[in-house]
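Step one of this worksheet: look at the structure below.
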Amino acid sequence: MIHTLYTLLCILLSQIDAMSFHETASHIELEDGHILKAVLRNEEGDEQESTLDLNDHIGNDNGMFRVHSGLCLCIAPHICVGFVTLVDLTRSVGHFHWDGGDFHSSAEDVSFDREGDDEIPVLRARLHDVEGELQDADINLAERIGNDNGNLVFN
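Heads up: the sequence shown at position 65 corresponds to 64 in numbering that gives the first Met the number 0, and the numbers run straight through without jumps.
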């Protein structure tokens, strides 16, 4: 019985690493328009503050929104493993893309909010395109940001 409870506890704690950061956060905010700051639970259940500079991971690609797709095995909600490939999709809304950088230098009206019943973490901004026109953009931060033992990480 104790061995079974210990195994179950280990499985549950290991899922903290795989979860999106917002599911294990008690507080999330955006500082200076590009620094994500959160209070996250670690594997012991303690809370700690962590930051991640989104400028190191998100860029403005003037009309291309890069998303990851591919074969994925979901073992529980929001816990997926598998092989992914990078594809480009032209979108009429937004110009954020992952694996870029320095989005903030071409952004205005940057905001962060948790949206919907699942409180999905969404970054919104108006981004300049090559003609200098402003385009509305948004990106779901849960797609690529996770909690690794109480630390914000880019996946």
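Where is the CB? At the ideal position from N, CA and C, for every residue including glycine.
So, helix, strand or coil for residue i, using DSSP?
{"i": "Asn148", "result": "coil"}
{"i": "His56", "result": "coil"}
{"i": "Glu142", "result": "helix"}
{"i": "His26", "result": "strand"}
{"i": "Ser91", "result": "No answer about Ser91 holds up, because its pLDDT of 34 lies below 50 and its placement is not dependable."}
{"i": "His127", "result": "strand"}
When you compare the CB positions of residue i and residue j, do they come within less than 8 angstroms of one another, or not?
{"i": "Leu151", "j": "Pro120", "result": "no"}
{"i": "Glu28", "j": "Lys36", "result": "yes"}
{"i": "Thr23", "j": "Asn154", "result": "no"}
{"i": "Glu48", "j": "Val38", "result": "yes"}
{"i": "Glu113", "j": "His21", "result": "Before going on, a small fix: residue 113 reads as Arg here, not Glu. Their beta carbons are under 8 angstroms apart, which means Arg113 touches His21 by this criterion."}
Assuming residue i contacts residue j (C-beta within less than 8 angstroms), just tell me the rounded distance between them.
{"i": "His103", "j": "Asn148", "result": "Wrong, their Cβ atoms sit about 28 angstroms apart, outside the cutoff."}
{"i": "Gly58", "j": "Gly99", "result": "2 angstroms"}
{"i": "Phe111", "j": "Leu122", "result": "6 angstroms"}
Near residue i, what residues of its chain come up, given a Cβ to Cβ distance below 6 angstroms and the 5 sequence neighbours on each side ignored?
{"i": "Asp128", "result": "Asn61, Gln134"}
{"i": "Val109", "result": "Gly32, Ala124"}
{"i": "His56", "result": "Phe153"}
{"i": "Leu34", "result": "Sequence check: residue 34 is Ile here, not Leu. Excluding sequence neighbours, Ile34 sits near Thr50, Asp52."}
{"i": "Glu107", "result": "Arg125"}
{"i": "Ile138", "result": "Phe95, Leu122"}
{"i": "Pro76", "result": "Since pLDDT at Pro76 reaches only 37, below the 50 mark, its modelled position is unreliable, and no value is offered."}
Using a Cβ-Cβ cut-off of 7 angstroms (strictly less than) and excluding sequence neighbours within five positions of residue i, which residues of its own chain qualify?
{"i": "Glu118", "result": "His21"}
{"i": "Asp101", "result": "Asn54, Gly58"}
{"i": "His26", "result": "Ala37, Val38"}
I'd like the list of long-range same chain contacts for residue i, defined as Cβ closer than 8 angstroms, with 5 residues on each side in sequence excluded.
{"i": "Ser105", "result": "Asn59, Leu126, His127"}
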